[in-house]
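Q: Residue numbers (the working numbering), protein chains in the order written: chain P, 61 to 316; chain L, 61 to 316; chain D, 61 to 316.
Just so you know, even glycine gets a beta-carbon here, dropped at the ideal spot from N, CA and C.
Treat the numbers as computed from the prediction; the structure is a model and nothing was measured.
First the structure, then my questions, so here it is.
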Amino acid sequence: LKRIITLTTDFGTQDGYAGAIKGVILGINPKVKIVDISHQIPAQNILAGAFCLYNSASLFPNGTIHVAVVDPGVGSKRKAILIQTERHYLIGPDNGIFGLLLRKDKVKKVIELRNLKHFFGKISPTFHGRDIFAPVAAYLSLGVKPEEFGPESSGLRKLTLPRIKKSKAKIIGQIIHIDNFGNLVSNVTAQDLGPVKKMSVSIKAHTLTKLSRTFAQVKRGELLAYIGSADFLELGLREGSACLKLKARIGDKVEI
Amino acid sequence: LKRIITLTTDFGTQDGYAGAIKGVILGINPKVKIVDISHQIPAQNILAGAFCLYNSASLFPNGTIHVAVVDPGVGSKRKAILIQTERHYLIGPDNGIFGLLLRKDKVKKVIELRNLKHFFGKISPTFHGRDIFAPVAAYLSLGVKPEEFGPESSGLRKLTLPRIKKSKAKIIGQIIHIDNFGNLVSNVTAQDLGPVKKMSVSIKAHTLTKLSRTFAQVKRGELLAYIGSADFLELGLREGSACLKLKARIGDKVEI
Amino acid sequence: LKRIITLTTDFGTQDGYAGAIKGVILGINPKVKIVDISHQIPAQNILAGAFCLYNSASLFPNGTIHVAVVDPGVGSKRKAILIQTERHYLIGPDNGIFGLLLRKDKVKKVIELRNLKHFFGKISPTFHGRDIFAPVAAYLSLGVKPEEFGPESSGLRKLTLPRIKKSKAKIIGQIIHIDNFGNLVSNVTAQDLGPVKKMSVSIKAHTLTKLSRTFAQVKRGELLAYIGSADFLELGLREGSACLKLKARIGDKVEI
Chain P
61 LKRIITLTTD FGTQDGYAGA IKGVILGINP KVKIVDISHQ IPAQNILAGA
111 FCLYNSASLF PNGTIHVAVV DPGVGSKRKA ILIQTERHYL IGPDNGIFGL
161 LLRKDKVKKV IELRNLKHFF GKISPTFHGR DIFAPVAAYL SLGVKPEEFG
211 PESSGLRKLT LPRIKKSKAK IIGQIIHIDN FGNLVSNVTA QDLGPVKKMS
261 VSIKAHTLTK LSRTFAQVKR GELLAYIGSA DFLELGLREG SACLKLKARI
311 GDKVEI
Chain L
61 LKRIITLTTD FGTQDGYAGA IKGVILGINP KVKIVDISHQ IPAQNILAGA
111 FCLYNSASLF PNGTIHVAVV DPGVGSKRKA ILIQTERHYL IGPDNGIFGL
161 LLRKDKVKKV IELRNLKHFF GKISPTFHGR DIFAPVAAYL SLGVKPEEFG
211 PESSGLRKLT LPRIKKSKAK IIGQIIHIDN FGNLVSNVTA QDLGPVKKMS
261 VSIKAHTLTK LSRTFAQVKR GELLAYIGSA DFLELGLREG SACLKLKARI
311 GDKVEI
Chain D
61 LKRIITLTTD FGTQDGYAGA IKGVILGINP KVKIVDISHQ IPAQNILAGA
111 FCLYNSASLF PNGTIHVAVV DPGVGSKRKA ILIQTERHYL IGPDNGIFGL
161 LLRKDKVKKV IELRNLKHFF GKISPTFHGR DIFAPVAAYL SLGVKPEEFG
211 PESSGLRKLT LPRIKKSKAK IIGQIIHIDN FGNLVSNVTA QDLGPVKKMS
261 VSIKAHTLTK LSRTFAQVKR GELLAYIGSA DFLELGLREG SACLKLKARI
311 GDKVEI
């Protein structure tokens, strides 16, 4: 049984916390393949972690174990969970971080991680990544059954996105994520827009009068609005950064 | 056939785009060894990507597959290519990113990537890293022959470096790269200098009157000029950053 | 013999120096498992590298080879060493970078790396990571005996931490490390404090009147003082950054 374990955290690498997780995993299963998805999620930003997983995790082969640790609630009462989906295993805090990813995959079972036998040393109050999530992932990769880590759990915390305001004439949403290339992701989904033919999208002082399908449909340096790969309305700039051009920030309003 | 695939991109890691490439590769060949060279190439900076590859890629064992995605022209008419060299396979956009690396290795064959059979899903207009380069690398690692990915291609886009100005009395070049330690790399090569015995190098208000061979030849905190590992004239500072000391930027003039 | 080699450096990834180390290692032993601990140690900061290793390296399985390259003295007379401990092998410059890690493990033997046979090419005066430490790690992973790399060495450079000032009434220490979450690590150890019952900790304009055991013992947004995992007195902020709140820097005084 030679499994893949992926890691998505907000640890950075310079303090050795990400290295600690790798050490614990390899200490239990030295043959598992560890794949870094990211250790650069902005600190304690669950939504950014959810986007990162949404863009990457579903592409891994069946049986992959995804560990995600963006965990502002560590030490509080938030549960530690293992989600078995139709294709993968997801391990992390129950705080919505898998919320977007689960739009692409189906939950089969949720286990609350409680069995101390499969934890690492005495559990520190601040570092469940090392003490709970890493060893559970490693034992799972060795063939331990999900049920052995704890009782089945009902319910799963939802990822809470800011709500849009919708009236007959318009939709008001906001920017909820900005990617590495400066593309602006809003909280307005394709479904929210519905099958409208004509629309305009306004952000700050700019108004776009149509929805584009590809960057190639506008000229270099021009703004465009499009439905991104995560099914949200996005704003981009051909061969440049919409974020820099608009001096945009998370929370900026988008009016449609 | 257990191959190594290296990755060099400007994606950063936080959006999951680098993770997506890894997922696609492992989805096709779960046994391949993926090695991160960098995901921190400055966005759309082909020359910086070329330096990174030049410093690292040739050191990998024969048969290694290097994937490089710094791709400002994605969606335009730039070709997607696979270069078979005497020792390695290079996969990426045809935009010169392999230009410096190819000074150390010899091109045997260039294939234009056209065979949809070895692509991933429907090709998105913006993410050829995931949809073309990653799956081609993965199928190649499984033993698919280069010819099966498309027709042979003649020609290869050159890496265009800024030109030096050369007269009898002097050479005027510029800084084209600044490394992590603040060393300044110019576009003046050892060949440009020729077998001169006496020379002086000026940058900003500073003039150096000789070419050093090692950092140990100057005192701590002193500037030096030397021929770097990429065969360009460089400026460094012993146990410090020439970049900070000179407040240097890419494009600054160097007069010799 | 399938070994793990970990890497901890201050190279960043964008120049390809970290990639060069991986290439050299895999060129010698293509089957070894390379694990990145960090390439983001602040440039030439030996103490930060020591903390990173302290938090992560001891967790890896027996027989792991840890390579650490934060090497401001490269090219000077500092030795290049291989330390065999009871559980691991440590390879890097003899500058104290393994100083904290060695509190958790016991030195069995120190070898000075001198045997050119196991080096890479001609040794560059500036890049021992690629030319000495990487190939030695790779040959070691193939089963070459420690003694074959050079003579046994007596002594090991200590990690020099700033000293505390201690009087009957108080201890004056300073902040020596700030982690990714903004926790402030001081140079005051649990031993320095001794078995005191009552104490107060002052930093800048703030005074804390007790030592906490966990973050949960204070309210959100409140400062706390505690003994961290590295056995130093630390200052943190529940669900936030003590560093930002206090505008703290390395070198700030802590009075107890």
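1. Along chain D, which residues have their Cβ under 9 Å away from the Cβ of Pro132(P)?
2. For Asp96(D), name the three-state secondary structure that DSSP assigns.
3. What residue ranges within the stretch 209 to 295 of chain D form continuous beta strand (DSSP E) runs of no fewer than 3 residues, ordered along the chain?
4. From Leu268(P) to Ile310(P), what distance separates their C-alpha atoms?
5. Within 10 angstroms of the Cβ of Gly203(D), are there 16 or more other Cβ atoms? Answer buried if so, exposed if not.
6. Quick one: does Leu87(P) have its CB under 8 Å from some CB of chain D?
7. Pop quiz: Val261(D) and Val314(D) are said to be a contact at Cβ under 8 Å. What is the actual Cβ separation, rounded to whole angstroms?
8. According to DSSP, is Leu173(P) helix, strand or coil?
9. Work out the CA separation of Gly233(D) and Gly288(D) for me, nearest whole Å.
10. So the candidates are Gln104(P), Val245(P), Ser214(P), Gly215(P); which of them puts its Cα closest to the Cα of Gly300(D)?
11. Would you call the stretch 100 to 116 of chain D and the stretch 65 to 81 of chain P touching, i.e. three or more CB-CB distances under 8 Å?
12. What is the rounded straight-line gap between the Cα of Pro358(D) and the Cα of Ile171(L)?
13. Between Gly181(P) and Asp191(P), what straight-line distance do the alpha-carbon atoms span, to the nearest angstrom?
14. Are the Cβ atoms of Leu219(L) and Leu107(L) separated by less than 8 Å?
15. Chain D beta carbons: is any one of them nearer than 8 Å to that of Tyr114(L)?
16. Going along chain D, which residues have a C-beta under 7 Å from Leu216(L)?
17. To the nearest angstrom, how far is the alpha carbon of Ile146(D) from that of Lys169(D)?
18. Start and end of the alpha helix (DSSP H) containing Pro153(D)?
19. How should Thr124(P) be labelled, buried or exposed, when 16 other C-beta atoms within 10 angstroms of its C-beta is the threshold for buried?
20. Please list, in chain order, the chain L residues whose beta carbon lies closer than 9 Å to that of Thr274(P).
21. Please list the terminal residues of the continuous beta strand (DSSP E) segment that includes Leu142(P).
22. Nearest to Lys258(L) by CA position, among Ala276(L), Ala229(L), Ala265(L), His237(L), is which residue?
23. Give me the chain P residues within the contact set of Pro121(D), using Cβ-Cβ distance strictly less than 7 Å, ordered along the chain.
24. Answer with buried or exposed for Glu294(P), where buried requires no fewer than 16 other C-beta atoms within 10 angstroms of its C-beta.
25. Hey, Ile88(L) and Val127(L): beta-carbon distance below 8 Å or not?
26. In chain L, which residues lie less than 9 Å from Lys82(D) when you measure between Cβ atoms?
27. Assuming His178(L) and Val196(L) are in contact, meaning their beta carbons sit under 8 Å apart, how far apart are those beta carbons, in whole angstroms?
28. Compare the C-beta of Asp75(P) with all C-beta atoms of chain D and state if any pair is closer than 8 Å.
29. Secondary structure at Ala308(L), three-state DSSP: helix, strand or coil?
30. Given that a residue counts as buried once 16 or more other Cβ atoms are within 10 Å of its Cβ, and exposed if not, what is Asp291(P)?
31. Grab the span of the alpha helix (DSSP H) containing Ala128(P) for me, first residue to last.
32. Tell me, please, whether the CB atom of Asn175(P) is closer than 8 Å to any CB atom in chain L?
33. Does DSSP put Val314(P) in a helix, a strand or coil?
34. Thinking just about the alpha-carbon of each residue, which of Lys270(D), Pro211(D), Lys264(D) is nearest to the one in Ala302(D)?
35. Taking the alpha carbon of Pro211(P) as the reference point, which residue from Ala140(P), Leu160(P), Phe193(P), Lys225(P) has its own alpha carbon closest?
36. Give the secondary structure of Gly79(P) by DSSP, where H, G and I count as helix, E and B as strand, and everything else as coil.
A: Taking the coordinates as given:
1. Translated into positions along the first sequence, residue 132(P) becomes position 72. Correct list: Glu299.
2. In the third sequence, residue 96(D) corresponds to position 36, counting from 1. Strand at Asp96(D).
3. 231 to 238, 244 to 249, 261 to 263, 266 to 268, 283 to 287
4. Against the first sequence, residue 268(P) aligns to sequence position 208. Against the first sequence, residue 310(P) aligns to sequence position 250. Whole-angstrom Cα-Cα distance: 19 Å.
5. On the third sequence, position 143 is the one that residue 203(D) refers to. Flag for Gly203(D) reads exposed.
6. Along the first sequence, read from residue 1 onward, the residue named residue 87(P) stands at position 27. The amino acid at residue 87(P) is misidentified as Leu; the sequence shows Gly. Answer yes: the Cβ-Cβ gap between Gly87(P) and chain D drops below 8 Å somewhere.
7. Start at 1 with the first residue of the third sequence, and residue 261(D) comes out as number 201. Start at 1 with the first residue of the third sequence, and residue 314(D) comes out as number 254. Going by Cβ atoms, the distance from Val261(D) to Val314(D) rounds to 7 Å, so yes, they are a contact pair.
8. If you number the first sequence from 1, residue 173(P) lands on position 113. Correct three-state label for Leu173(P): coil.
9. Looking up residue 288(D) in the third sequence gives position 228. Looking up residue 233(D) in the third sequence gives position 173. Looking at the two C-alpha atoms, the distance is approximately 15 Å.
10. Locating residue 300(D) in the third sequence gives position 240, counting from the first residue. Comparing Cα positions, the closest option is Gln104(P).
11. yes
12. The question about residue 358(D) has no answer here: the residues shown for chain D are numbered 61 through 316.
13. Numbered from 1 along the first sequence, position 121 holds the residue referred to as residue 181(P). Numbered from 1 along the first sequence, position 131 holds the residue referred to as residue 191(P). Spanning the two alpha carbons is a distance of roughly 7 Å.
14. What you label residue 219(L) is simply residue 159 of the second sequence in a count that begins at 1. What you label residue 107(L) is simply residue 47 of the second sequence in a count that begins at 1. Against a cut-off of 8 Å, the Cβ pair of Leu107(L) and Leu219(L) comes out as a contact.
15. Position 54 of the second sequence, counted from the start, is the residue given in the question as residue 114(L). By this cut-off, Tyr114(L) is an interface position.
16. By 1-based counting over the second sequence, the position of residue 216(L) is 156. Those within 7 Å of Leu216(L) in chain D number zero; the least Cβ separation is about 21 Å.
17. Here residue 146(D) refers to the residue found at position 86 when the third sequence is read from its first residue. Here residue 169(D) refers to the residue found at position 109 when the third sequence is read from its first residue. Before going on, a small fix: residue 146(D) reads as Glu here, not Ile. Approximately 9 Å between the Cα atoms of the pair.
18. As a first step, residue 153(D) is located in the third sequence; it is residue number 93 there, counting from the start. Not the alpha helix (DSSP H): Pro153(D) falls in the beta strand (DSSP E), residues 149 to 153.
19. Translated into positions along the first sequence, residue 124(P) becomes position 64. Thr124(P) comes out buried.
20. Residue mapping note: residue 274(P) aligns to position 214 of the first sequence, counting from 1. The answer, in chain order, is Gly135, Ser184, Pro185, Thr186.
21. On the first sequence, residue 142(P) is found 82 positions in, with the first residue counted as 1. Run containing Leu142(P): 140 to 145, per the beta strand (DSSP E) assignment.
22. For the purposes of this step, residue 258(L) is identified with residue 198 of the second sequence, where counting begins at 1. Closest by alpha carbon: Ala229(L).
23. The count along the third sequence starts at 1 and reaches residue 121(D) at position 61. Residues of chain P passing the Cβ test: Leu86, Gly87, Pro90.
24. To locate residue 294(P), count along the first sequence from 1; it is residue 234. By the neighbour-count rule (16 or more Cβ atoms within 10 Å), Glu294(P) is buried.
25. For the purposes of this step, residue 88(L) is taken as the residue at position 28 of the second sequence. For the purposes of this step, residue 127(L) is taken as the residue at position 67 of the second sequence. No, the Cβ-Cβ distance between Ile88(L) and Val127(L) is not below 8 Å.
26. Here residue 82(D) refers to the residue found at position 22 when the third sequence is read from its first residue. In chain order: Thr66, Val95, Asp96, Ile97, Ser116, Leu119, Phe120.
27. What you label residue 178(L) is simply residue 118 of the second sequence in a count that begins at 1. What you label residue 196(L) is simply residue 136 of the second sequence in a count that begins at 1. Right, their Cβ atoms sit about 6 Å apart.
28. By 1-based counting over the first sequence, the position of residue 75(P) is 15. Yes, Asp75(P) counts as interfacial toward chain D.
29. Along the second sequence, read from residue 1 onward, the residue named residue 308(L) stands at position 248. If DSSP states are grouped into helix, strand and coil, Ala308(L) belongs with coil.
30. Within the first sequence, the letter at position 231 stands for residue 291(P). It is exposed - the Cβ of Asp291(P) has fewer than 16 other Cβ atoms within 10 Å.
31. Taking the first residue of the first sequence as 1, we reach residue 128(P) at position 68. Careful: Ala128(P) lies outside any alpha helix (DSSP H), inside the beta strand (DSSP E) at 125 to 129.
32. Indexing the first sequence from 1 puts residue 175(P) at position 115. Not closer than 8 Å to any Cβ of chain L, the Cβ of Asn175(P) fails to qualify, so no.
33. In the first sequence, counting from the first residue as 1, residue 314(P) sits at position 254. DSSP places Val314(P) in strand when its eight states are reduced to three.
34. Within the third sequence, numbered from 1, the residue matching residue 302(D) stands at position 242. Selected option, being the one with the closest Cα: Lys264(D).
35. As a working note, residue 211(P) is residue 151 in the first sequence. Ranking Ala140(P), Leu160(P), Phe193(P), Lys225(P) by Cα distance to Pro211(P) puts Ala140(P) first.
36. Translated into the one-based positions of the first sequence, residue 79(P) becomes position 19. If DSSP states are grouped into helix, strand and coil, Gly79(P) belongs with the helices.
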